[in-house]
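> Questions regarding the structure given below will be posed in turn.
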Amino acid sequence: MALQEKTDTITLPVLGMTCAGCASSVESVLARQPGVESASVNYATQKVKVIYHENTIQPAGFQKALQSVGYDLILDAEADSKQEEAQHTAYNALKKRLIASALLSMPVVIIGMFFMDIAYANYIMLLLTAPVVFYFGKNFFVNAYKQATHGRANMDTLVALSTGIAFLFSLFNTFYPEFWHSRGLHPHVYYETAAVVIVFIMLGKLLEERAKSGTSASIKKLMGLQPSTVILITDTAEQEININDVVPGNRLLVRSGEKIPVDGVVYAGESYVDESMISGEPVPVAKLTGDRVFAGTINQKGSFRFTAEKVGHDTMLSNIIRLVQDAQGSKAPVQKLVDQVAGIFVPVVMLIAVLTLGIWLLIGGTNAFANGLMAMVTVLVIACPCALGLATPTAIIVGIGKGAAHGILIKDAEALELSYKVDAIVLDKTGTITAGKPEVTLMEWEQGLFSEDQDLFEQIFMAMEQNSEHPLAAAIVKQFERDQVRPVSISAFKSLTGKGVSAYYEDKPYFAGSHKILAENNQEISSHLAEQAKLLQEQAQTVIYFANGQHVLAVTAISDQIKPGSKAAVLALKHQNISVYMLTGDNAQTAAAVAADMGIVDFKAEVLPTDKAVFIEKLQQEGKVVAMIGDGINDSQALAQADVSIAMAKGSDIAIDVAKITLISSDLQQVPKALKLSKLTVKTIRQNLFWAFIYNLIGIPVAAGLLYPINGFLLNPMIAGAAMALSSVSVVGNSLRLKFANLNT
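Going by our numbering, the sequence shown opens with residue 40, and the numbers climb by one from there.
Written as structure tokens, this is what we have:
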């Protein structure tokens with residue numbers, strides 16, 4: 040039996056793609072190569088994933104195949120950085136071409152509309168329009184040719200045809216006006232039409248390029264969580280090495296404030312580690328011998344040594360990066376619909392234009408060729424895709440502006456397209472429902488025997504917490520500062536990791552910490568404080584005890600408070616028949632307490648980033664359109680997986696970058712407004728597309744001469760050009776109506 044040939048999978052950046060049609064071309068070219076099982080392009084991330092037989096073909100073969108049709112691949116180790124550089128360069132080049140084209144087009148429009156009779160008007164417009172069409176706009180023609188070689192057509196084909204025909208027709212009329220004069224017709228020119236189309240479509244391309252250029256920003260920031268060097272512990276010394284040289288089994292040192300380089304297990308030392316990027320919880324976790332640590336998390340005060348277990352692409356951080364990349368690039372923008380329609384629309388328009396000339400030649404009578412040629416050109420001019428190209432970006436621009444005015448930042452058309460369809464919303468707890476900052480909610484002191492010394496005890500308690508490395512100590516110190524308590528001088532301070540702290544004041548011992556410190560030091564607690572502590576724990580609040588060596592003097596409750604508008608937001612979403620879910624890395628007791636307070640029935644506790652993404656994927660498989668709202672690095676996978684991702688502006692940069700919508704105020708009550716804005720914006724986009732197509736459905740038959748046998752009316756190309764411009768104005772005007780929309784639900 041023959042052995043099955045080994046397959047491999049590789050993901051590579053693609054250069055030269057400008058539309059969804061290009062992505063389809065790249066897929067088809069690669070899929071035809073021998074040894075390739077499948078090729079899938081993520082147009083959003085400008086990357087292609089290829090599954091191939093490595094014994095038959097290598098990535099260099101993919102590159103050669105794509106280069107032959109005008110595209111390219113980046114193969115070297117720095118592919119991501121080179122892709123980002125290429126995107127940045129392309130964006131800047133397009134911006135410069137747009138500015139130059141606009142500056143040259145303005146005088147052309149002014150002359151064409153108001154000063155056609157000045158001396159040498161046609162020649163002036165020719166000189167100004169030629170560089171706009173054939174230099175600054177050459178990419179449209181190049182891309183249209185690429186599509187034609189694969190039997191496809193897209194927006195670039197429409198632009199190239201309409202502007203090319205308009206320019207060539209105008210060029211002929213400029214140098215040979217007598218051709219029309221001899222037939223009793225006026226030789227109109229349409230230079231302004233060709234120039235303005237290039238400028239408007241270029242504007243739409245710029246908006247798309249800007250969106251694409253930012254896709255790698257969140258990935259870059261995630262990668263930045265991993266240090267470039269580590270401290271390797273050998274039998275003889277400690278030495279600094281590159282992180283890429285770390286292998287499983289290496290013993291590594293992490294000092295205070297440093298990022299943990301790889302996944303591993305602590306074998307010496309103890310500290311607190313900020314794992315918010317994984318759990319989303321603001322309180323750092325105590326790490327003792329035998330505990331696991333993860334790449335990208337941040338060590339707090341203290342140092343420890345650990346054994347590397349997972350390195351490179353196997354770490355949890357690398358897995359987060361990989362999942363974000365896959366989910367982020369798996370969706371197509373609204374503009375893809377326009378490209379798909381254009382693929383059918385362009386051949387139809389071309390066929391109609393040719394048929395128009397043919398029919399005129401057959402039954403046109405006198406001046407059949409002149410009228411037929413004029414009608415054919417009019418069809419191509421009136422079928423210009425200007426309104427079609429503006430339909431989506433103008434509505435997006437106005438919608439984004441409207442959202443920004445209400446504290447809602449919307450990144451792209453995809454978020455606008457899907458938000459109003461949302462029927463399930465997944466909420467992170469910490470930083471989304473709650474404030475994400477632990478605060479003291481209650482400090483209950485023992486009354487009676489120790490009341491007269493409470494002021495002194497407060498000063499001792501504050502002094503101990505000021506010296507403590509525990510993250511919750513800061514909340515207690517902050518509360519004392521509000522109460523204007525001043526610490527006293529203490530001695531023999533000692534930190535007991537996972538338990539609390541101890542110190543002496545005037546040779547008397549004092550303790551502060553969890554219930555463990557009470558048990559180990561035989562501290563007595565009154566029934567009143569014991570009952571209070573039990574009640575606070577049932578409410579999922581963290582309880583800190585303060586004792587003087589014999590008796591518990593006070594219990595302090597610390598919790599992450601629910602934001603004022605969170606309850607109202609959840610209630611509003613339920614009234615819209617949207618299912619609300621809560622996922623958190625916090626413990627089950629705290630999660631249950633918050634969910635009950637919020638009125639949320641469906642919740643899960645102690646979930647990892649991957650668990651959140653899997654949960655959302657499961658909802659999507661059930662047919663739900665899912666929105667994820669989060670604020671932390673740990674939410675980035677879930678945000679990328681969701682159909683609509685919403686981040687809090689006060690959250691992490693990664694969450695904000697991955698999310699398609701950002702709430703500036705971090706107020707959940709903005710979510711219903713965002714959903715309504717989505718509905719209004721999508722309605723506007725659809726209206727724009729509808730009128731753009733209706734304009735062509737009505738205009739093209741009239742331009743072809745449909746009314747000529749009835750009333751002798753033959754549409755003049757100049758009027759066709761004006762109608763084309765009017766269609767663009769109508770689309771822009773319709774989009775501007777969004778400015779005055781009411782977003783209150």
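C-beta atoms are modelled at their ideal positions from N, C-alpha and C, and glycine is treated no differently.
What you are looking at is a predicted structure, and each value in this text was computed from that prediction instead of being measured.
Looking at the strands, I want to know which residues DSSP matches up with P52.
As a first step, residue 52 is located in the sequence shown; it is residue number 13 there, counting from the start. K86, per the DSSP bridge assignment.
> Which residue from S64, H92 and Y130 puts its Cα closest to that of A104?
For the purposes of this step, residue 104 is taken as residue 65 along the sequence shown, with counting starting at 1. A104 has its Cα closest to that of S64, out of S64, H92 and Y130.
> Got a sec, what are the start and stop residues for the beta strand (DSSP E) K476 sits in?
Working through the sequence shown from its first residue, we reach residue 476 at position 437. Run containing K476: T473 to W484, per the beta strand (DSSP E) assignment.
> Taking just the CA atoms, how far does S605 sit from M687?
As a position in the sequence shown, residue 687 is number 648, starting the count at 1. As a position in the sequence shown, residue 605 is number 566, starting the count at 1. The alpha-carbon separation between M687 and S605 amounts to approximately 13 angstroms.
> Could you round the C-beta distance between I617 and D462 to whole angstroms and report it? I think they count as a contact, below 8 angstroms.
Translated into the one-based positions of the sequence shown, residue 617 becomes position 578. Translated into the one-based positions of the sequence shown, residue 462 becomes position 423. Contact holds; Cβ gap of about 6 angstroms.
> By Cβ distance below 7 angstroms, which residues in the same chain neighbour L208 in space, the five residues on each side in sequence not counted?
In the sequence shown, residue 208 corresponds to position 169, counting from 1. First, the amino acid is wrong: residue 208 is Phe here, not Leu. These residues qualify, in order along the chain: Y229 and V416.
> Can you grab the Cα-Cα spacing for the pair E577 / Q726, in whole Å?
Residue 577 sits at position 538 when you count from the first residue of the sequence shown. Residue 726 sits at position 687 when you count from the first residue of the sequence shown. Those two C-alpha atoms are separated by around 54 angstroms.
> Thinking just about the alpha-carbon of each residue, which of L210, G55 and I157 is nearest to the one in S107?
The count along the sequence shown starts at 1 and reaches residue 107 at position 68. The shortest Cα separation from S107 among L210, G55 and I157 belongs to G55.
> Compute the Euclidean distance between the alpha carbons of T17 and G669, then round it to the nearest angstrom.
There is simply no residue 17 to check, as the chain begins at 40 and stops at 784 in what is shown.
> Just tell me which of I272, N283 and N281 has its CA closest to the CA of A307.
As a first step, residue 307 is located in the sequence shown; it is residue number 268 there, counting from the start. The option with the nearest alpha carbon to A307 is I272.
> What is the DSSP secondary structure of R26, reduced to helix, strand or coil?
It is not possible to answer for residue 26, since the shown part of the chain is limited to 40 through 784.
> Select from V683, L754 and L245 the residue whose C-alpha is nearest the C-alpha of T131.
In the sequence shown, residue 131 corresponds to position 92, counting from 1. In the sequence as displayed, the identity of residue 131 is Asn instead of Thr. The shortest Cα separation from N131 among V683, L754 and L245 belongs to L245.
> Find the nearest neighbour of G190 within the set V385, A762 and T471, judged by alpha-carbon distance.
Indexing the sequence shown from 1 puts residue 190 at position 151. Checking every option, the nearest Cα to that of G190 belongs to V385.
> Using only CA atoms, which one of T188, L714, V147 and E559 lies nearest to L612?
Against the sequence shown, residue 612 aligns to sequence position 573. The shortest C-alpha separation from L612 is found at L714.
> Under the rule that 16 or more other beta-carbon atoms within 10 Å means buried, what is D47, buried or exposed?
Stepping through the sequence shown from its first residue, residue 47 is reached at position 8. That one is exposed.
> Could you tell me which of I583, D599, Q600 and S598 sits nearest to L592, measuring between CA atoms?
The residue given as residue 592 occupies position 553 in the sequence shown. Selected option, being the one with the closest Cα: I583.
> With a Cβ-Cβ cutoff of 8 angstroms, do K468 and V633 count as a contact?
Start at 1 with the first residue of the sequence shown, and residue 468 comes out as number 429. Start at 1 with the first residue of the sequence shown, and residue 633 comes out as number 594. Judged by their CB atoms, K468 and V633 are nearer to each other than the 8 angstroms cut-off.
> Check whether the stretch 285-297 and the stretch 334-346 touch, using three or more Cβ-Cβ pairs below 8 angstroms as the test.
yes
> For the stretch 560-576 against the stretch 530-539, are there 3 or more C-beta pairs whose distance is under 8 angstroms?
no
> Between which two residues does the beta strand (DSSP E) carrying F343 extend?
Taking the first residue of the sequence shown as position 1, residue 343 is located at position 304. Where F343 is concerned, the enclosing beta strand (DSSP E) stretches over F343 to K349.
> Out of I685, N289 and V304, which one is the CA nearest neighbour of S458?
Translated into positions along the sequence shown, residue 458 becomes position 419. If we check each option's Cα against that of S458, I685 comes out closest.
> On the three-pair Cβ rule with 8 angstroms, is the stretch 395-410 touching the stretch 214-226?
yes
> With 16 as the cutoff for other CB atoms within 10 Å, does D494 come out buried or exposed?
By 1-based counting over the sequence shown, the position of residue 494 is 455. So D494 counts as exposed.
> Please report the distance separating the alpha-carbon of G109 from that of Q102.
Counting from 1 along the sequence shown, the entry for residue 109 is found at position 70. Counting from 1 along the sequence shown, the entry for residue 102 is found at position 63. Approximately 10 angstroms between the Cα atoms of the pair.
> Three Cβ pairs or more, each shorter than 8 angstroms: is that satisfied between the stretch 435-443 and the stretch 716-734?
yes
> According to DSSP, G308 sits in a beta bridge with which residue or residues?
If you number the sequence shown from 1, residue 308 lands on position 269. BP columns for G308 point to F343.
> So, are the CB atoms of S201 and V148 less than 8 angstroms apart?
Here residue 201 corresponds to residue number 162 of the sequence shown, with the count starting at 1. Here residue 148 corresponds to residue number 109 of the sequence shown, with the count starting at 1. No. Outside cutoff.
> According to DSSP, is M687 helix, strand or coil?
Working through the sequence shown from its first residue, we reach residue 687 at position 648. Three-state result, M687: strand.
> Measure the CB-CB distance between V75 and V89 and report whether it falls below 8 angstroms.
The residue given as residue 75 occupies position 36 in the sequence shown. The residue given as residue 89 occupies position 50 in the sequence shown. Yes, they are a contact pair.
> Identify the residues that DSSP records as bridge partners of H92: which are they?
Locating residue 92 in the sequence shown gives position 53, where the first residue counts as 1. Beta-bridge pairing links H92 to T46.
> So, using beta-carbon positions, are E857 and K134 closer together than 8 angstroms?
Because residue 857 is not part of the residues shown, which for the chain are 40 to 784, the question remains open.
> Let me know the secondary structure DSSP gives M155 once reduced to three states.
Here residue 155 corresponds to residue number 116 of the sequence shown, with the count starting at 1. In the structure shown, M155 sits in coil (DSSP, three-state: anything other than H, G, I, E or B).
> Here's a check: name, in chain order, each residue in its chain whose Cβ is nearer than 6 angstroms to the Cβ of Y543, leaving out the five neighbours to either side.
Taking the sequence shown and counting its residues from 1, the one referred to as residue 543 is at position 504. Cβ within range, chain order: S530 and A531.
> Mapping DSSP to helix, strand and coil, what is R290?
The residue given as residue 290 occupies position 251 in the sequence shown. If DSSP states are grouped into helix, strand and coil, R290 belongs with the strands.
> Less than 6 angstroms between C-beta atoms, sequence neighbours within five positions excluded: which residues of the same chain meet that for A234?
Position 195 of the sequence shown holds residue 234. Same-chain partners within the cutoff: S144, V147, T168 and V171.
> Would you tell me roughly how many angstroms separate the C-alpha atoms of A698 and K547, rounded to the nearest one?
To locate residue 698, count along the sequence shown from 1; it is residue 659. To locate residue 547, count along the sequence shown from 1; it is residue 508. C-alpha separation (whole angstroms): 54 angstroms.
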